[in-house]
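The working numbering puts the first residue of the sequence shown at 3, with every later residue one more than the last.
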Amino acid sequence: MTVSKRYLDSGFDPIASVYDTLAWLVFGQALRNAQKHWLSQVPVGSEILIIGGGSGWLLAQVLDVCSPRKVIYIDASPKMIQLARHKVNDDKRVEFRISNETAIRPTDQVQVVMTPFILDLFTLDRLTTNVLPRLYGVLQPGGYWLGTDFTQTDKWWQGGLQWLMYRFFRFISHIEAKRLPDWLGLVNALPDIQPRGLARFYDGMVVAACWQKQP
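So this is what it looks like as structure tokens:
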């Protein structure tokens, strides 16, 4: 039986209600600290695209700290979108889309793109041919790309933890990737993208990166 990409991408439904608790049990505040690290770089009144934002914790932070004009919030899990709507009381500045990267439209020109713990879920092929080009295409010149995700380290226990995480999420959530892709390298290789900063958390296993698209 062939499993549709739609089903693969919405696989976080079974754990949507406990995802944040699981993340806190394993990583404490590290994941949240990483996600909010670069929010001060976001210009007030920006249009922002967040893909894979999950249950809405980051969205609430963005609305409070960044005072955006509009947020396009994309997540493939209907349950995650429901939780996010509730968390921000259906704030009218937010346009919710239940889908994957295919929901990104060429007309979605934004000043900020946020990819919180989403790029690690895809294969290298899907990142290079579909996900990253779509995100890059809607980021306006001068805009910021804030990426937060896991990265490879030389610590054996972190390698073991990543192995367990991929096995767990492939079984429970049917993610595509079998191992951590070099998402940092792929974003760095995009045209006219300049690194603005890199912060590490959880003993180096979690990275918060800030890029700016040059005019």
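Just so you know, even glycine gets a beta-carbon here, dropped at the ideal spot from N, CA and C.
If I measure Cβ to Cβ from Leu-137 and keep anything under 6 Å in the same chain, skipping five residues before and after, which residues do I get? Within the same chain, Leu-137 has close Cβ partners Val-115.
By Cβ distance below 7 Å, which residues in the same chain neighbour Pro-45 in space, the five residues on each side in sequence not counted? Non-local beta-carbon contacts of Pro-45 in its own chain, meaning distances under 7 Å to residues more than five positions away in sequence, involve Gln-113 in chain order.
On the three-pair Cβ rule with 8 Å, is the region 71–85 touching the region 142–157? Result no; under three Cβ-Cβ pairs closer than 8 Å.
Relative to the C-alpha of Leu-98, which candidate in Thr-109, Ala-78, Pro-108, Gln-111 has its C-alpha closest? Residue 98 is actually Phe in this sequence, not Leu. Check the Cα spacing between Phe-98 and each of Thr-109, Ala-78, Pro-108, Gln-111: the tightest is with Ala-78.
Gln-113 - containing beta strand (DSSP E), residue span: From DSSP, the beta strand (DSSP E) with Gln-113 extends over 112–118.
Exposure label - Ser-48; buried when at least 16 CB within 10 Å: Residue environment analysis places Ser-48 among the buried positions, since at least 16 neighbouring C-beta atoms fall within 10 angstroms of its C-beta.
In angstroms with no decimal places, state the Cα-to-Cα distance between Val-67 and Lys-94. If you take the alpha carbons of Val-67 and Lys-94, they lie about 16 Å apart.
Give the secondary structure of Trp-147 by DSSP, where H, G and I count as helix, E and B as strand, and everything else as coil. Strand at Trp-147.
Is it right to say Val-90 is buried, meaning 16 or more other beta carbons lie within 10 angstroms of its own, or is it exposed? So Val-90 counts as buried.
Roughly how many angstroms lie between the CA atoms of Thr-109 and Val-140, to the nearest whole one? If you draw a straight line from the Cα of Thr-109 to the Cα of Val-140, it comes to about 7 Å.
Helix or strand or just coil, what does DSSP make of Ile-174? Looking at Ile-174 - three-state DSSP - the assignment turns out to be helix.
Using the C-alpha atoms, what's the distance from Ile-76 back to Thr-125? Distance from the CA atom of Thr-125 to the CA atom of Ile-76, rounded to whole angstroms, is 19 Å.
Determine the direct distance from the alpha carbon of Thr-104 to that of Trp-26, and round the result to whole angstroms. Distance between the alpha carbons of Trp-26 and Thr-104 is about 30 Å.
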